[in-house]
Amino acid sequence: MTAKNNRKIKVLAPLSDFNWEGNRFQIHDLGLIKRLDETPDLSWCEDGLSAADKDELRYVSHWLAFEQSKQEKLSPSEKINILLLALWIVRPTRVQVRFRFELQQSSGHGRLSRYYDQFQWINTQVKDRLETHHLQKLQAVVDSLKAIYITHKRLWNSFILTFNGCTTIHWQVAFICFGAAAEGILTYENGPGVTKRLAKSFACLTKKNKSPERFCLSCI
């Protein structure tokens, strides 16, 4: 392995609306969530940020920080998406990532990336704050999502569909994405009859009587 291939890039992602009173929280194999009292030096990409962008960054209290190498199985974007989806599963809030900054430690030059697909929360269900005990639940969820993404098997489609359902601005698209994701999670069949298979799977999950399991076994 050459030194060039082993070179690491420092990645910073501002967590907008991350309302947590703590200062540092480490997520193993993903990154460190840390409070920054001042905006990092982003003078190298100042021309790529509008006045509104700079104002938004000044109000960001917490950032996700990690180092990235070429040998890693997940890209910086995939790591951030996994964190956002894990947060949404543990406790739906208004947390968003709109920028990603990659800084090569040797040269001091970097790369600015923008995220245009944002989570579309439901105002009646979204929460305002995160507590430490919510973050403590993140590791198990992150580990599960990483395993699904890296193995690229049956549940990978459900992962992608769920994420796209969370970020689309059209409820019709979200409905289709979540429905297809649910089918991938709950059933192993393919071919026609999606509605029937989903109905049977949901019935198995929600049934209250203690009748024989014959009907539910047909869902598996």
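Sequential numbering of the sequence shown, starting at 594, is according to our numbering. Every residue, glycine too, gets a C-beta built ideally from N, C-alpha and C.
If you reduce the DSSP assignment to three classes, tell me which class residue i lands in.
i    : result
F712 : coil
G758 : helix
Q732 : helix
Q664 : coil
K720 : strand
I813 : At I813, the pLDDT of 41 sits below 50, so the modelled position is not reliable; the number obtained from the coordinates is stated separately. Looking at I813 - three-state DSSP - the assignment turns out to be coil, as it is neither helix nor strand.
D640 : helix
E776 : helix
L635 : coil
K793 : helix
E671 : helix
H763 : coil
K739 : helix
H726 : helix
DSSP beta-bridge partners for residue i?
i    : result
R684 : R684 pairs with nothing; no bridge assigned.
W656 : P607 and K627
F752 : Beta-bridge pairing links F752 to no other residue.
L696 : K603 and G703
Q569 : Only positions 594 to 813 of the chain appear in the structure, and residue 569 is not among them; the question remains open.
K647 : Paired residue(s): none; K647 is not in a bridge.
Q537 : Here the chain comprises residues numbered 594 to 813, so residue 537 is not present and cannot be evaluated.
For residue i, collect the residues of the same chain with a Cβ closer than 8 Å to its Cβ; drop the 5 residues on either side in sequence, then sort them by chain order.
i    : result
Y742 : L667, E671, I675, W749 and F752
Q762 : Looking at the sequence shown, residue 762 is not Gln but Ile. So the list reads Q713, once near-sequence residues are dropped.
F771 : L754, T755 and G758
F616 : Going by the sequence as given, residue 616 is Asn instead of Phe. So the qualifying residues of the chain are K627 and R628.
With residue i and residue j assumed to form a contact (beta carbons below 8 Å), what rounded beta-carbon distance in angstroms separates them?
i    : j    : result
F692 : L678 : Contact flag wrong, Cβ pair sits at about 18 Å.
L642 : P607 : So it is not a contact: roughly 11 Å between Cβ atoms.
I620 : L731 : 6 Å
T760 : Q711 : 6 Å
G703 : W637 : 6 Å
Considering only residues of the same chain and omitting the five flanking positions on each side of residue i, which have a CB-CB separation below 7 Å?
i    : result
Q661 : K601, I602, V604 and P669
I682 : V734
R707 : R691 and F692
D736 : none
V719 : P685, T686 and R687
L738 : I675, L678, A679 and F752
T632 : L650 and R651
Y709 : none
R747 : G777
Cutting at 6 Å between CB atoms, please list the residues of its own chain near residue i, excluding the five before and the five after it.
i    : result
F618 : I626 and L728
A774 : S751, L754 and T755
F611 : H655 and V688
I673 : A606 and V690
A767 : G758 and T761
F659 : V604 and G624
E695 : I602, V604, G703 and R704
So that I know if they touch, is there some Cβ in chain B lying closer than 8 Å to that of residue i?
i    : result
K603 : Going by chain labels, chain B is absent from the structure shown, which holds only one protein chain.
* Touching or not, the segment 642–657 and the segment 622–633, by the rule of three or more beta carbon pairs under 8 Å? -> yes
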